[in-house]
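In the numbering used here, the protein residues as written are 2 to 408. Note that the Cβ used here is the ideal one computed from N, Cα and C, for glycine as well. If you're wondering where the values come from, they're calculated on a predicted model, not measured in any experiment. Following: one structure in structure tokens, then a few remarks.
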Ligand code: AMP
């Protein structure tokens with residue numbers, strides 16, 4: 002199967018070849034033909050599956066074949082809503098790359114930056130708009146964005162959008178777009194709230210599920226280090242001196258945690274930076290750019306900030322803290338092992354976090370290998386049966402045994 006077999010036109014085939022893509026990914030194979038035919042789509046796909054091209058290429062192709070020829074400023078014909086600014090700019094960049102040989106115009110709007118340049122780009126007229134919900138509603142309120150001519154509406158990362166409390170914003174946006182349109186909804190997980198949203202938005206959709214049985218990317222080698230939390234920093238520094246860890250994304254549960262880990266790495270002589278939503282947009286962009294260029298090989302991120310990080314060749318994802326929800330684990334490790342390349346995911350699991358490990362294993366329906374050969378082993382063996390309820394009763398003893406070290 003090649004891109005040509007999917008019915009794509011020459012300007013798009015040339016662009017994907019320039020991006021270095023030789024074969025379409027499964028979601029592209031399944032989604033592109035029905036989307037070209039104008040169908041609605043419900044896509045259950047994890048990150049790194051190539052879903053951006055799966056929706057961007059058909060949009061570009063349909064608009065390229067049917068360019069706006071009316072009077073005045075061109076109308077916005079496609080709207081893509083995503084939860085984070087990073088994801089929004091990456092999707093916008095992808096439209097730029099895939100649409101390089103079309104005359105279609107796109108732009109991106111998100112909060113946290115001045116609206117002036119965004120308003121200027123909008124005034125020139127764009128065919129495709131990528132947006133985060135808050136700034137979109139602001140600009141709609143100011144009549145700088147009109148969606149009367151909308152033909153395609155894409156809701157990306159719908160589950161994350163729900164988690165971040167964007168559902169009311171989404172409903173407000175939907176109330177202001179034409180009912181007759183093509184609608185696409187993508188979500189890594191399909192809880193009942195998302196299914197309900199999909200039922201209300203989509204009209205006889207094609208359903209595409211990529212690897213629903215094994216939600217974690219198969220190209221990622223996963224393992225766990227059982228380590229007490231006061232030893233995590235030392236273990237991290239020990240592992241990062243290994244030569245394989247060339248581009249490493251570390252996840253912490255909190256923003257403060259991300260700053261702390263990054264500061265300690267810097268003090269240990271390891272080039273690192275932190276990215277989270279309390280940082281300014283400029284600081285976030287600089288951190289991402291340095292990570293992309295390899296200037297800073299280690300990036301420490303909180304979950305929300307990391308949502309849109311689409312950087313190739315991340316060699317390792319490290320869960321410094323186990324995520325509170327098993328689904329988040331899947332998102333995190335999906336940052337490595339992208340588009341068929343191998344990746345490594347290490348999770349640091351303290352005794353109080355064992356029940357979170359069990360939840361992940363239950364979701365994946367697999368046992369994750371434990372690496373016991375390391376300098377900071379936990380005194381307690383794997384006890385995946387330690388439950389959330391059981392953990393606090395033993396906590397006292399663990400605390401006494403391992404006095405927290407002040408960093
Ligand atoms: P996405 O799931 O859209 O975030 O894409 C994940 C990564 O896969 C991005 O870095 C894309 O550039 C890359 N990608 C998308 N489609 C392909 C393809 N057919 N072949 C190789 N890489 C791809």
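In the DSSP assignment, what residue or residues form a beta bridge with residue 1? Because the chain in this structure spans residues 2 to 408, residue 1 falls outside the shown range and cannot be described.
The stretch 145-153 / the stretch 75-84 touching (three or more Cβ pairs under 8 Å): Segments in contact, yes.
Candidates 168, 137, 264 and 357: which alpha carbon is nearest residue 275's? On the chain shown, position 274 is the one that residue 275 refers to. When 168, 137, 264 and 357 are compared, the shortest CA-CA separation from residue 275 is found for 264.
Can you tell me whether residue 338 is buried or exposed, with buried defined as 16 or more other CB within 10 angstroms of its CB? Residue numbering aside, residue 338 sits at position 337 when the chain shown is read from its first letter. Buried, because 16 or more other Cβ atoms sit within 10 Å of the Cβ of residue 338.
Please find out if some non-hydrogen atom of ligand 1 comes closer than 7 Å to the beta-carbon of residue 22. As a first step, residue 22 is located in the chain shown; it is residue number 21 there, counting from the start. Under cutoff, so the answer is yes.
Any heavy atom of ligand 1 closer than 7 Å to the Cβ of residue 53? Residue numbering aside, residue 53 sits at position 52 when the chain shown is read from its first letter. Residue 53 Cβ: within cutoff of ligand 1.
What runs of the beta strand (DSSP E), each 3 residues or longer, lie entirely inside the stretch 197-254? For the stretch 197-254, whole beta strand (DSSP E) runs of length 3 or above, ordered along the chain, are 207-210, 221-227 and 249-252.
Do residue 302 and residue 250 come within 8 Å of each other at the CB atom, strictly closer than that value? In the chain shown, the residue the question calls residue 250 occupies position 249. In the chain shown, the residue the question calls residue 302 occupies position 301. Contact: yes.
Residue of 316, 135, 331 and 113 minimising C-alpha distance to residue 241: For this step, residue 241 is matched to residue 240 along the chain shown. Comparing Cα-Cα distances from residue 241 to each of 316, 135, 331 and 113, the minimum goes to 316.
Buried or exposed by the 16-neighbour rule on C-beta atoms within 10 Å, applied to residue 213: Looking up residue 213 in the chain shown gives position 212. Residue confidence is low: residue 213 scores 40 on pLDDT, short of 50, so the model does not pin down where it sits. Its coordinate-derived value is still stated next. Result: exposed.
Any heavy atom of ligand 1 closer than 7 Å to the beta-carbon of residue 295? Walking along the chain shown from the start, residue 295 turns up at place 294. For ligand 1, not one heavy atom lies less than 7 Å from the Cβ of residue 295.
So, does the stretch 322-335 touch the stretch 34-54, judging by three or more C-beta pairs under 8 Å? The stretch 322-335, when compared against the stretch 34-54, does touch it at the 8 Å Cβ threshold.
When you compare only the Cα positions, how much space is there between residue 7 and residue 15? What you label residue 7 is simply residue 6 of the chain shown in a count that begins at 1. What you label residue 15 is simply residue 14 of the chain shown in a count that begins at 1. Straight-line measurement puts the Cα of residue 15 at about 14 Å from the Cα of residue 7.
Report yes or no: do the stretch 101-108 and the stretch 48-65 share at least 3 C-beta pairs separated by less than 8 Å? In the pairwise beta carbon analysis, the stretch 101-108 is classified as touching the stretch 48-65: at least three pairs are separated by under 8 Å.
Roughly how many whole angstroms lie between the Cα atoms of residue 304 and residue 364? Stepping through the chain shown from its first residue, residue 304 is reached at position 303. Stepping through the chain shown from its first residue, residue 364 is reached at position 363. The alpha-carbon atoms of residue 304 and residue 364 are separated by roughly 19 Å.
Can you list, in chain order, the residues of its chain whose CB lies under 8 Å from that of residue 68, leaving out five sequence neighbours each side? Position 67 of the chain shown holds residue 68. These residues qualify, in order along the chain: 104 and 105.
Three-state secondary structure (DSSP) of residue 371: On the chain shown, position 370 is the one that residue 371 refers to. DSSP places residue 371 in strand when its eight states are reduced to three.
Buried or exposed: which applies to residue 60, given that a residue is buried once 16 or more other Cβ atoms fall within 10 Å of its Cβ? Translated into positions along the chain shown, residue 60 becomes position 59. Residue 60 sits buried, since 16 or more C-beta atoms from the chains shown fall within 10 Å of its C-beta.
Verify whether the separation of the beta carbon atoms of residue 114 and residue 131 is less than 8 Å. The count along the chain shown starts at 1 and reaches residue 114 at position 113. The count along the chain shown starts at 1 and reaches residue 131 at position 130. In this structure, residue 131 does not lie closer than 8 Å to residue 114 by Cβ.
Return helix, strand or coil for residue 41, following the three-state DSSP convention. Looking up residue 41 in the chain shown gives position 40. Assigned with DSSP and collapsed to three states, residue 41 falls in coil, not helix or strand.
Three-state secondary structure assigned by DSSP to residue 300: Here the question's residue 300 lines up with position 299 in the chain shown. Look at residue 300 here: in three-state DSSP terms it is strand.
Measuring straight from C-alpha to C-alpha, what distance separates residue 379 and residue 362? Taking the chain shown and counting its residues from 1, the one referred to as residue 379 is at position 378. Taking the chain shown and counting its residues from 1, the one referred to as residue 362 is at position 361. Taking the CA atoms as reference points, residue 379 sits about 20 Å from residue 362.
For the alpha helix (DSSP H) holding residue 169, just list the boundary residues, first then last. Your numbering for residue 169 matches position 168 in the chain shown. Following the DSSP letters along the chain, one finds residue 169 inside the alpha helix (DSSP H) bounded by residues 168-175.
In whole angstroms, give me the CA-to-CA distance for residue 357 and residue 143. Taking the chain shown and counting its residues from 1, the one referred to as residue 357 is at position 356. Taking the chain shown and counting its residues from 1, the one referred to as residue 143 is at position 142. Between residue 357 and residue 143, the C-alpha separation is close to 45 Å.
Tell me which residues share the same chain as residue 93 and place their Cβ nearer than 8 Å to its Cβ, disregarding the 5 neighbours each side in the sequence. Numbered from 1 along the chain shown, position 92 holds the residue referred to as residue 93. Non-local beta-carbon contacts of residue 93 in its own chain, meaning distances under 8 Å to residues more than five positions away in sequence, involve 107, 108, 109 and 131 in chain order.
Give a yes or no on whether the C-beta atoms belonging to residue 203 and residue 43 are separated by under 8 Å. As a working note, residue 203 is residue 202 in the chain shown. As a working note, residue 43 is residue 42 in the chain shown. Taking 8 Å as the cut-off, the beta carbon of residue 203 is found closer than this to the beta carbon of residue 43.
Is residue 313 buried or exposed, if buried means 16 or more other CB atoms sit within 10 Å of its CB? Your numbering for residue 313 matches position 312 in the chain shown. Label assigned to residue 313: exposed.
Compute every distance between the C-beta of residue 68 and the non-hydrogen atoms of ligand 1, then say whether any falls below 7 Å. Your numbering for residue 68 matches position 67 in the chain shown. Checking the Cβ of residue 68 against ligand 1 gives no.
Does the Cβ of residue 25 lie closer than 7 Å to at least one heavy atom of ligand 1? Counting from 1 along the chain shown, the entry for residue 25 is found at position 24. Annotation for residue 25 indicates a beta carbon within 7 Å of some heavy atom of ligand 1.
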